[in-house]
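K.L.:
Got a structure here, written out as structure tokens. Questions coming.
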Amino acid sequence: MKRKHYSVEQIVAVLKQAELGMAVGDIVRQLGISEQTFYRWKKQYSGMQSEQVKELKQLQDENARLKKLVAELSLDKAILQDVGRKKVGRPALKREVVRYIMDHYGLALARACKLIRQVRSTQYLHSRKDPKLALRQRLKELAQVRTRWGYRRLHILLKREGWQLGVNQTYRWYCLEQLQLRAWRNKRRKMAVTREQRPAVTHPNHAWCMDFVADQLADGSKFRMLTILDIYTREALAIEVGAGLRGEHVVAALNRLVAHRAAPAYLRVDNGSEFSGHLLDLWAYHNKCKIDFSRPGKPTDNSFIESFNGSLRDECLNAHWFTSLADAKQVIEAWRLDYNESRPHASLNGLTPQDYARRMANLGPKKSSLNAEN
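If you're matching positions, the sequence shown starts at 248 in the numbering used here and goes up one per residue.
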């Protein structure tokens with residue numbers, strides 16, 4: 248037999264019947280309860296009035312509501328702690344968070360949207376924009392080939408191929424495809440010491456900079472590279488590759504360059520023995536060139552060649568495995584030509600060094616005062 252549940256008002260009415268003289272046996276038989284239940288009711292509710300019964304019922308309902316509210320608040324706090332580490336500022340991200348809450352915590356859509364302050368109608372929206380699948384695929388292909396290029400250089404390559412898009416759109420697809428690069432470089436923690444102002448570089452072949460880069464072949468044998476850069480146009484003039492490069496190799500490389508172009512007025516180098524020796528000093532005297540040495544321990548005095556060497560190592564040396572010295576010369580020379588003719592440069596407004604030199608030559612001496620030292 249199914250058990251009956253009596254409300255507090257019904258229990259109080261039964262107790263009043265017993266007080267008026269109705270036998271307990273008749274009451275328990277009529278209600279279908281035991282005597283123990285009757286006396287338990289009498290002990291708990293004896294002497295209560297109807298107003299007190301209403302107050303007790305309201306108190307019980309309020310306690311049940313508060314318990315439910317506390318449980319909901321605890322669950323909401325746990326959910327917010329779970330998803331609070333993620334940035335959910337944009338509606339698209341909020342839609343993902345709402346789906347996550349509904350799947351993992353079993354909440355209704357309305358409550359999940361209210362919890363993270365998302366308009367419920369936004370959850371039903373579906374973008375009707377063109378996903379640009381061909382463009383995104385081409386962007387991924389370029390990023391796989393140019394593994395160390397950022398979105399600005401990739402945007403220039405896309406524009407060259409005829410794609411019509413802005414740099415912000417390129418950046419959006421770049422981030423959605425998760426093509427971002429992380430350059431783990433230590434921050435400078437010391438303030439740079441002021442140095443004397445150098446003369447501004449105003450035209451090509453006005454100032455060159457040089458430095459050495461070291462690497463090794465697949466068999467472990469080491470080799471060096473002499474890099475020469477035109478500061479004004481950022482053009483890589485030469486990359487001399489050899490097992491052991493000394494001062495005579497530096498002079499020979501400079502002579503080969505001077506045979507096809509004018510000698511520079513300034514030559515920025517560090518304090519290495521190849522640059523501070525008599526051979527380079529004699530070459531500078533005959534070609535009326537002033538050698539500008541960097542201060543010891545200050546590679547930023549020759550920042551242009553240091554930046555170029557970083558690009559060389561990042562885009563070429565770290566991306567290839569050289570089997571022989573001839574293989575290294577071929578790959579490095581191909582990279583140098585690509586650097587001068589195809590690679591866009593952010594400091595040159597997206598132009599290549601050769602295009603930048605042509606544009607400055609067409610502007611004339613007055614407008615070409617926008618030197619490359621900025």
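Every residue, glycine too, gets a C-beta built ideally from N, C-alpha and C.
On the DSSP bridge assignment, give the partners of Y513 in chain order.
P.N.:
A454, K537
K.L.:
Here's a check: name, in chain order, each residue in its chain whose Cβ is nearer than 8 Å to the Cβ of R436, leaving out the five neighbours to either side.
P.N.:
Per-residue confidence for R436 stands at a pLDDT of 47, beneath the threshold of 50, marking its modelled position as unreliable; the derived number appears in the next sentence. The answer is none, since no qualifying residue turns up.
K.L.:
For F285, I'd like the list of residues in its chain whose CB is within less than 7 Å of its CB, leaving aside the five on either flank, ordered along the chain.
P.N.:
V271, I274, V275
K.L.:
Per DSSP, what kind of secondary structure is A566 in: helix, strand or coil?
P.N.:
coil
K.L.:
Apart from the five residues on each side of it in sequence, which residues of its chain come closer than 8 Å, Cβ to Cβ, to P543?
P.N.:
N518, listed in sequence order.
K.L.:
What number of angstroms, rounded off, separates the C-alpha of D548 from the C-alpha of V516?
P.N.:
Each residue's Cα considered, the two are about 9 Å apart.
K.L.:
Within the 8 Å Cβ cut-off, does L386 reach chain D?
P.N.:
The chain inventory of the structure shown lacks chain D, comprising one protein chain alone.
K.L.:
Under 8 Å, do E495 and L526 count as touching if we go by C-beta distance?
P.N.:
yes
K.L.:
Which word fits P546, buried or exposed, when buried means at least 16 other C-beta atoms lie within 10 angstroms of its C-beta?
P.N.:
exposed
K.L.:
In angstroms with no decimal places, state the Cα-to-Cα distance between Q307 and V255.
P.N.:
11 Å
K.L.:
In the DSSP output, which residue or residues are listed as bridge partners for V460?
P.N.:
Answer is M472, bridged to V460.
K.L.:
For the region 387 to 400 against the region 345 to 357, are there 3 or more C-beta pairs whose distance is under 8 Å?
P.N.:
no
K.L.:
Quick check: what's the CA-CA separation for E266 versus A325?
P.N.:
53 Å
K.L.:
Based on the DSSP output, what are the partners of D477 in its beta bridges?
P.N.:
DSSP, once it has assigned bridges, lists W455 as partnering D477.
K.L.:
Cα-Cα, which of E424, A485, R346, I552 is closest to H507?
P.N.:
Of the candidates E424, A485, R346, I552, the one whose C-alpha sits nearest the C-alpha of H507 is A485.
K.L.:
Would you tell me roughly how many angstroms separate the C-alpha atoms of R395 and L559, rounded to the nearest one?
P.N.:
11 Å
K.L.:
State the DSSP-derived secondary structure class of I579, mapped to helix, strand or coil.
P.N.:
helix
K.L.:
In the DSSP assignment, the alpha helix (DSSP H) including A390 goes from what residue to what residue?
P.N.:
380 to 392
K.L.:
Do the CB positions of N534 and D458 come within less than 8 Å of each other?
P.N.:
No. Outside cutoff.
K.L.:
So V261 and L278 are supposed to be a Cβ contact under 8 Å. How far apart are they, rounded?
P.N.:
7 Å
K.L.:
How is G557 classed by DSSP in three states: helix, strand or coil?
P.N.:
helix
K.L.:
Mark A461 as exposed unless 16 or more other C-beta atoms lie within 10 angstroms of its C-beta, in which case mark it buried.
P.N.:
Exposed, by the Cβ-count rule.
K.L.:
Are the CB atoms of I475 and A499 nearer to each other than 8 Å?
P.N.:
Contact: no.
K.L.:
Per DSSP, which residues does G489 bridge with? Please list them.
P.N.:
In DSSP, G489 forms a bridge with R471.
K.L.:
Does DSSP put A483 in a helix, a strand or coil?
P.N.:
strand
K.L.:
Would Y479 pass as a contact of P451 if the rule is Cβ separation under 8 Å?
P.N.:
yes
K.L.:
So, under 8 Å CB-CB, E319 and R383 are touching, yes? Tell me the CB distance rounded to an integer number of Å.
P.N.:
The Cβ separation is near 42 Å, so there is no contact.
K.L.:
Please classify R442: does DSSP put it in a helix, a strand, or coil?
P.N.:
Because R442 carries a pLDDT of 49, less than 50, the predicted location of this residue cannot be relied on, and the following value inherits that uncertainty. Correct three-state label for R442: coil.
K.L.:
Use the C-beta contact count for A483: other C-beta atoms within 10 angstroms, 16 or more gives buried, fewer gives exposed.
P.N.:
buried
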